Structure formats: structure tokens, C-alpha cells
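Residue numbers (this note's numbering), protein chains in the order written: chain A, 7 to 450; chain B, 147 to 439.
Each residue gets a CB set at the ideal place from its N, CA and C atoms; glycine is no exception.
Note that the structure is a prediction, hence the values are computed from the model and not measured.
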């Protein structure tokens with residue numbers, strides 16, 4: 007297991023260096039857009055050691071000094087398919103953001119939505135050597151988790167201890183120093199396709215940047231779109247993106263499940279394009295201007311000019327009523343939501359104490375979506391927008407920037423991951439002398 | 147004709163790899179600072195070095211500078227046309243004009259006023275001098291002359307000295323400056339103020355006074371006519387002289403045939419008579435003794 011986390015540890019060290027330098031970029035590689043924010047850490051929040059979310063929901067320590075968005079190229083289903091195109095798009099976004107920030111950025115934290123994320127719940131248990139729980143005990147219990155065989159070519163993206171249990175007491179967030187016999191841990195592990203990570207790392211590297219962290223888009227959207235009590239009591243965040251819809255379930259401020267549905271807004275656009283026989287760009291424009299999912303009597307009389315450039319007058323003057331448009335869009339949106347429903351059911355979302363569902367992402371801006379989602383997903387549905395962070399431009403406050411804003415929070419207050427803990431002594435070859443000493447202590 | 151190759155879809159605009167790198171470089175703070183400060187600095191230094199490495203150019207620039215300086219210095223505003231001397235007698239003024247090191251008209255930049263002042267003050271007849279350039283191109287030297295108080299007779303001849311004992315000038319004959327008293331002897335010029343005090347006290351003897359002689363660089367002799375001398379002590383010579391004058395007035399002592407009055411021991415003034423007087427004295431004494439016998 008040790009080798010697996012070398013790259014993650016390296017990234018974490020890189021992130022620490024970036025924080026030390028004070029400037030880091032976050033990059034949201036989406037299917038429809040690539041957003042880049044440049045953050046400056048002023049250092050007021052860096053050394054905070056207290057538990058929980060800090061002042062101003064953990065956004066006091068940094069400020070967004072550069073923001074740029076560009077149309078995404080070469081990304082499908084949240085995965086990079088054409089490296090050079092994506093690299094150009096990343097370069098465009100980064101250059102604009104750097105120009106706005108007027109500072110050079112060397113470290114970037116990236117997130118993506120695709121690559122078939124799979125969640126695993128891990129459990130581990132050890133008996134304590136001493137009466138109190140030490141750092142080493144936590145390392146041991148983390149390494150005692152039996153890792154499932156997640157398959158060849160998959161990489162661990164997140165591995166977060168979500169719960170510690172000491173004897174019969176569960177729900178501990180930090181068991182260090184407590185008295186007990188047996189320490190158990192529940193861990194949530196998220197694996198993604200390794201090639202997607204490699205492709206993204208390669209693109210970032212081609213832009214002369216250091217990759218200082220990776221995150222799942224579903225996870226970071228949840229951080230930014232769910233309010234604190236939703237994260238605490240249990241809620242699901244549906245990030246309806248362009249190529250995929252990310253699902254993340256939060257409980258006790260930890261992500262306990264993440265998945266993604268490989269249908270998104272691009273598919274809706276494609277349906278419109280096919281149904282109305284219009285170019286993709288026109289379909290996108292019609293979708294954003296006139297789109298909806300609930301048809302009313304008014305919509306029959308709402309005639310939309312489709313337009314065209316063929317030169318054929320009849321063809322170019324076509325019109326369509328808004329009801330027809332809604333008729334095209336609604337099945338696809340329903341399909342997305344039903345897929346999400348299926349994932350939530352598979353995850354056992356109905357067993358959570360709170361059934362709150364938050365829709366965010368660019369796709370959540372379809373008018374009437376909340377009504378449709380209520381019918382499919384349950385009564386407790388709301389539309390979520392990312393919370394405001396310092397210096398965020400007005401243009402980047404929409405629901406489509408939930409994961410970008412979540413990346414800011416993720417960069418400022420990262421969750422403890424498996425690789426952030428010490429490697430246990432008995433697994434660490436360089437400490438063999440310590441093991442020898444320990445053996446002597448135990449036997450003599 | 148239809149193109150065989152399908153038209154490539156127009157890619158979205160993106161910065162090229164090199165322009166992206168260039169922009170990143172330009173956003174590097176150190177590089178920007180280097181560009182803003184270092185490059186102009188190096189450029190100026192380099193160009194300057196390249197330009198001045200040619201000796202002809204260096205010379206031309208030096209020449210131009212000198213020329214410009216000359217032009218400014220020789221403007222009429224800065225020219226000194228006249229040397230005026232104030233407070234000096236004709237001879238001293240002549241001397242000053244003689245030693246004045248510059249040919250007039252000269253630029254006031256070239257005239258070193260301090261040097262001029264020092265050279266004027268270095269003249270024996272000048273006690274102090276101050277020099278300034280007055281408006282209108284006139285160099286004025288204010289001179290305070292030394293006042294001659296005595297004639298110093300030495301082996302080399304006669305010299306005029308002031309109160310500080312500085313020899314102001316030579317004279318050929320004593321009669322040239324009949325108004326001044328004469329002092330002589332080695333070290334006489336070092337004690338001119340004392341000599342002046344003695345001479346002032348010797349005013350009643352003026353008609354007979356020939357001069358003062360410094361004896362052994364420590365005390366004065368007053369020399370009167372007929373070869374008479376008054377030997378004054380080292381300390382308080384004026385008082386001793388006054389005693390002699392009182393004696394002379396009361397007893398006509400100096401009218402008598404004395405060679406010297408020795409006042410060196412204040413408690414025991416002594417007189418030395420001439421040989422003639424002694425013999426006469428003996429004769430008269432014998433005569434008196436004889437008469438008594």
C-alpha cells in the first residue's frame with residue numbers, strides 16, 4: 007500500500023509548498039467549460055489547528071485574485087479524450103487567470119468529474135498497545151483496513167477516514183489521547199480510472215505547471231454547495247455537469263459515497279440539435295435561453311426562432327414552440343435524474359437520517375428542474391449555489407462554478423486523507439532499527 | 147473542385163505554447179525586476195563602454211568639456227580686470243602687484259583667492275590681508291601693514307622691525323628713519339615689546355639715548371651717548387630704568403663721568419666710572435686726604 011500513495015504524498019507536499027509560496031491555481035476540467043481560479047493565501051488561516059470548519063466557513067485564509075473560463079475542448083464525459091486540445095484549453099484558461107491575477111502560478115490543483123469513480127467502504131480494527139490512542143495507533147488502524155481489489159489500472163483518488171470507534175464508542179472524529187482497548191476505523195475510498203489521472207497530469211505538465219492535488223468533482227461540489235448542517239446531518243449533492251452528473255453523499259461532514267452518471271447537459275444539447283435539426287452551437291443557445299422541463303399552456307404560444315444560415319428561406323425561418331423544446335429536453339433530464347436516483351438507492355441513501363438533496367452544477371439552472379427533481383428524487387430537493395468566497399467575480403458565482411469554488415475550499419482546508427498520516431512503524435522499512443528495539447522491549 | 151482533404155474544424159483560439167511561456171516568464175516577479183532594472187543598466191553600461199573604448203572619442207569629449215568650461219569661465223561676468231590694493235603704502239602695493247601670480251584680465255575661476263591671500267600675507271611688510279572679488283571684475287586686497295617701531299642693527303646691516311620683531315625692510319643709513327629707536331644684539335627682535343616699554347620709560351633720556359642692546363638674549367642694556375650704558379636686569383627692567391632716571395634727575399648721575407650703571411642686582415645698584423674719573427677721584431681723594439694730613 008505504501009507505494010500507492012507516494013504520488014499522493016508528493017502532491018500533498020507540493021500543495022504545502024504552494025501554500026507556503028502563497029499562490030495556487032485551481033482548475034476545474036469539465037466537459038463544457040474549463041474554469042481556472044488563482045488563489046492567494048494571506049497566511050492568516052494557515053496555521054490554524056482547531057477542529058471543524060474555520061472562520062467564515064474556512065474561506066478566511068485566501069482570496070481569489072484571478073478567474074477565467076474557457077470553452078472546453080477534447081473532454082467527454084468528464085474525461086480527457088484529446089490531449090492536445092485539452093492542453094490548449096487549459097493553457098487558455100490559465101493564461102487568462104494569470105493575467106488577471108498579474109502573478110505567475112506554478113502549482114495547480116485540478117478536479118474532474120468522470121473516470122468512473124467507485125466508492126468503497128473500508129473498515130479496520132486493531133487493539134491498542136498502550137492504554138491511550140497515539141499517532142502510531144491511528145496509522146496502524148488505517149493500514150489495517152482490508153483494501154478490496156479495485157482492479158487493474160485504477161487509482162485511489164480519495165481515501166478519507168470518516169469515523170473512528172474506540173471499543174463501543176463510535177462517531178469519534180479524533181480519538182488521539184483517548185483511553186480504550188480496540189480502535190476501529192471506517193474509511194471511504196474513491197477510486198478512479200488511472201489513465202484519466204495520467205492524462206490530466208500530462209496536460210497540466212505540458213502547461214509547465216506542477217500538479218499539487220487532485221480531487222473528484224462530485225466531492226468538491228458537495229463541499230461548496232452543501233451548507234454546514236446539510237453536511238453534518240447527511241445530504242446528497244448532485245453536480246449536473248456538461249458530460250456527467252456527479253453524485254456525492256455527505257454525512258457528519260465527510261463524504262461517504264461518490265459516483266457519477268455519464269449523462270449530462272451536452273446530451274440534452276445533442277437531443278435538441280437532433281430534434282430540431284440545428285447546429286450544436288444553436289442548440290446550446292436555445293437550451294440556455296429557452297430551455298425548461300415543465301411545460302405550461304403559455305409555452306405553446308411561445309414561439310422560438312431557430313434560425314439558420316443555409317440560404318433557404320423556408321429552412322432559415324423555422325420556428326418551434328417552447329413546449330416542443332421542453333418536450334425534447336424533459337425526457338433526457340428525467341433520465342439523468344432517474345439514473346441519479348438509481349445510484350442513490352444503490353448507495354442506500356434512503357437509510358440516512360436526512361434525505362436532503364442539493365442540485366448544483368450548470369445543468370441545475372434549467373427552469374423548473376426543482377419541480378421535476380422533487381418528483382423523482384424526493385421532497386427535500388433544493389437548488390444549490392456555491393457559497394461566496396473572497397474576491398470571486400460575479401460571473402463565477404453561478405451554480406456551474408460549484409466545483410471550482412469547492413476546489414478553493416478544498417485547497418484551503420483539505421480533508422485528512424490516508425496518506426496524510428504517518429506510516430506505521432512496522433510497515434516502514436527505514437525504521438527497522440526501531441522495530442528491533444521494539445522487539446527487545448517486548449521480549450526482555 | 148472540391149477539396150480532397152476535409153476542412154479541419156476551426157479550433158478555438160488558444161495561446162501558443164511559446165506565447166504562454168513568454169507570458170509566464172513576464173509574470174515572474176524576479177524576471178520583471180531584472181528586465182526593468184537590469185537590462186537598461188547593462189545596456190547603458192555596455193553602450194557607454196563600447197563608445198568610450200575608442201580613445202579618439204574620449205579625447206573629443208574631454209576637449210568639448212574643456213571648451214565648454216573655457217567658454218563659461220571667460221564670460222565677462224567672471225573676468226577679473228583690475229587688482230585694487232587698499233590699506234597699503236606705495237612700496238607695499240608695488241610689492242603686492244609684483245607678487246600677484248596672475249596676468250589680468252583673468253577668469254575668477256582661475257584665481258585661487260586663498261593662495262593670493264597667503265602670498266600677500268607672506269610679504270614681510272604685511273600683517274594680515276583679505277582678498278575678495280568685487281562686482282565689476284575688481285579683485286580687492288585689503289591689507290593691514292606692519293607698523294615699523296624700531297631699527298634693528300645687525301651684522302648684515304640695518305633693518306626695520308615691527309612690534310612682533312618681524313623685519314619689514316632694510317635701510318641704508320640710520321638717518322633714513324631718524325624717528326625710530328635702534329635695538330641691537332642677538333635675540334633683540336624676540337623682545338621688541340619689552341624694548342618698547344623700556345624706551346617709553348626712557349623718554350627723559352631721549353636726547354642722550356643711542357639705543358638698546360640685547361645682552362645674552364635675556365636682558366637689555368640702554369646705550370647712551372658718551373659710551374654710557376645702563377645695564378638692566380632680566381626681570382622688571384622698566385622699574386630699574388625708572389630708578390636710574392630718578393637718580394639721574396636728582397643727582398645728575400648720568401651727567402657725570404660714568405661708564406655704566408649696573409642695575410642687574412636690584413638691591414645693589416652699581417656704577418662703573420671711567421678710568422679718567424677714577425684717577426681723578428683718587429687724585430681728589432688723595433688731595434683731600436693730603437690736605438687733611
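Any C-beta of chain B under 8 Å from that of residue i
i: residue 69 (chain A); result: no
i: residue 108 (chain A); result: yes
i: residue 95 (chain A); result: yes
i: residue 214 (chain A); result: yes
i: residue 104 (chain A); result: yes
i: residue 101 (chain A); result: yes
i: residue 288 (chain A); result: no
i: residue 275 (chain A); result: no
i: residue 98 (chain A); result: yes
i: residue 328 (chain A); result: no
i: residue 46 (chain A); result: no
i: residue 22 (chain A); result: no
i: residue 77 (chain A); result: yes
Contact check, residue i vs residue j, beta carbons under 8 Å
i: residue 249 (chain A); j: residue 75 (chain A); result: no
i: residue 477 (chain A); j: residue 251 (chain A); result: This structure does not reach residue 477 (chain A), given that chain A is present from 7 up to 450, and the question cannot be answered.
i: residue 388 (chain A); j: residue 364 (chain A); result: yes
i: residue 122 (chain A); j: residue 198 (chain A); result: yes
i: residue 333 (chain A); j: residue 289 (chain A); result: no
i: residue 408 (chain A); j: residue 380 (chain A); result: no
i: residue 227 (chain B); j: residue 247 (chain B); result: no
i: residue 13 (chain A); j: residue 40 (chain A); result: no
i: residue 391 (chain B); j: residue 327 (chain B); result: no
i: residue 224 (chain A); j: residue 416 (chain A); result: no
i: residue 315 (chain A); j: residue 322 (chain A); result: yes
i: residue 329 (chain B); j: residue 298 (chain B); result: yes
i: residue 242 (chain A); j: residue 355 (chain A); result: yes
i: residue 118 (chain A); j: residue 206 (chain A); result: yes
i: residue 73 (chain A); j: residue 33 (chain A); result: no
i: residue 345 (chain A); j: residue 378 (chain A); result: no
i: residue 350 (chain A); j: residue 253 (chain A); result: yes
i: residue 231 (chain B); j: residue 289 (chain B); result: yes
Cβ neighbours of residue i in the same chain (closer than 8 Å, five flanking residues each side left out)
i: residue 166 (chain B); result: none
i: residue 356 (chain B); result: 328, 369, 370, 371
i: residue 253 (chain B); result: 219, 220, 224, 225, 226
i: residue 447 (chain A); result: none
Beta carbon proximity, residue i to chain A, threshold 8 Å
i: residue 168 (chain B); result: no
i: residue 201 (chain B); result: no
i: residue 160 (chain B); result: yes
Whole-Å CB distance - residue i paired with residue j, under 8 Å assumed
i: residue 424 (chain A); j: residue 148 (chain A); result: 6 Å
i: residue 140 (chain A); j: residue 182 (chain A); result: 7 Å
i: residue 27 (chain A); j: residue 396 (chain A); result: The Cβ separation is near 19 Å, so there is no contact.
i: residue 192 (chain A); j: residue 168 (chain A); result: 5 Å
i: residue 173 (chain B); j: residue 104 (chain A); result: 6 Å
i: residue 190 (chain A); j: residue 231 (chain A); result: About 31 Å; that fails the 8 Å criterion.
i: residue 217 (chain A); j: residue 81 (chain A); result: Not really, about 17 Å apart at Cβ, beyond 8 Å.
Proximal residues to residue i (C-beta, below 6 Å), its chain only, five neighbours per side dropped
i: residue 369 (chain A); result: 246, 271
i: residue 15 (chain A); result: 425
i: residue 245 (chain B); result: 265
i: residue 358 (chain A); result: 240
i: residue 202 (chain A); result: 85, 121
i: residue 125 (chain A); result: 196, 263, 264
i: residue 160 (chain B); result: none
i: residue 263 (chain B); result: 275, 277
i: residue 415 (chain B); result: 409
Residue i beta carbon near the ligand FMN (any heavy atom closer than 7 Å)
i: residue 272 (chain B); result: Annotation note on the ligand FMN: not contained in the displayed structure, which lists no ligands.
Contact set for residue i: own chain, Cβ-Cβ below 7 Å, skip 5 residues either direction
i: residue 308 (chain B); result: 292, 293, 294, 295, 314
i: residue 255 (chain B); result: 219, 224
i: residue 108 (chain A); result: none
**Study point:** Cβ-based contacts, 7 Å cut-off: residues of the segment 170-190 of chain B near chain A
**Key:** Residues of the segment 170-190 of chain B that bring their beta carbon within less than 7 Å of a beta carbon in chain A comprise 170, 173, 174, in sequence order.
Point to revise | Chain-ordered residues of the segment 280-312 of chain A with a beta carbon less than 9 Å from chain B | key: Listed by position, the residues of the segment 280-312 of chain A near chain B (Cβ gap below 9 Å) amount to none.
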